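Positions 532 to 696 (my numbering) are the ones given, in order, by the sequence shown.
Down below is the structure, laid out as structure tokens.
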Amino acid sequence: MVILGIDPGLAIVGWGVLEKRGSQVVPIACGDLRTPAHTPVETRLEIIYRDLHRIIEKYRPEHMAIEELFFNTNVTTGIAVAEARGVILLCGRQAGLEIHEYTPMQVKQAVVGYGKAEKRQVISMVTSILRLPAPPKPDDTADALAIALCHAQSSGSALAAYFNQ
């Protein structure tokens, strides 16, 4: 099973591709998509769609795992991220991917074992679990790998089957 993990954003979209082989999870590729500041939102959304489409064509994932939107105090930023997330979901849907959404707490619980883990703990565990030579940069890429790991770990469980009916 090939999984594309996505940490949605408008300025930076983190992405990571993992392959689950039995009980093993193997990193395939990771990176980030960036859109230029001071560019119209519709142009930035087009860039995200185009670049993500290329990643999907190149790595041929079957599943997309994406973080659910979490609004903090800046609603304006949240709206822009929601728009980017919508484009990302559309791209995945049009490519025929199975889409799975996870909250930040679910991702932390799956990767670290504690739903309120700090970002540095998540990055450390992603690096360790995937046997990476160095922590993924930027943090958005590490988050995307964590989201993909969350799906890899939960996709075979009876609980996951129940919730994905």
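C-beta atoms are modelled at their ideal positions from N, C-alpha and C, and glycine is treated no differently.
Note that the coordinates shown come from a computational prediction; the quantities given were computed from them, not determined experimentally.
- Within the same chain, D538, D563, D671, T672, D674, A675 come within 6 Å of G545 by CB-CB distance, once the 5 residues on both sides are set aside.
- For the pair G540 and Y580, the Cα-to-Cα distance works out to about 12 Å.
- For P635, the enclosing alpha helix (DSSP H) has its first and last residue at 635-643.
- By the neighbour-count criterion, in which 16 or more other beta carbons inside 10 Å mark a residue as buried, K639 falls on the buried side.
- Going by DSSP, M656 is part of no beta strand (DSSP E) but of the alpha helix (DSSP H) stretching over 650-660.
- Burial check for S554: the Cβ neighbour count within 10 Å stays below 16, so the residue is exposed.
- Under DSSP, A560 takes part in a beta bridge, and its partners are V548.
- When the beta-carbon positions are compared, Q637 and V643 stay at least 8 Å from each other.
- Rounded to whole angstroms, the separation of the alpha carbons of P571 and S655 is 36 Å.
- If you keep only unbroken alpha helix (DSSP H) runs of at least 4 residues inside the segment 578-624, you get nothing at all.
- Going by DSSP, L535 is part of the beta strand (DSSP E) stretching over 533-538.
- The Cβ-Cβ distance between L663 and P558 falls below 8 Å.
- Within 10 angstroms of the beta-carbon of P667 lie 16 or more other beta-carbons, which makes it buried.
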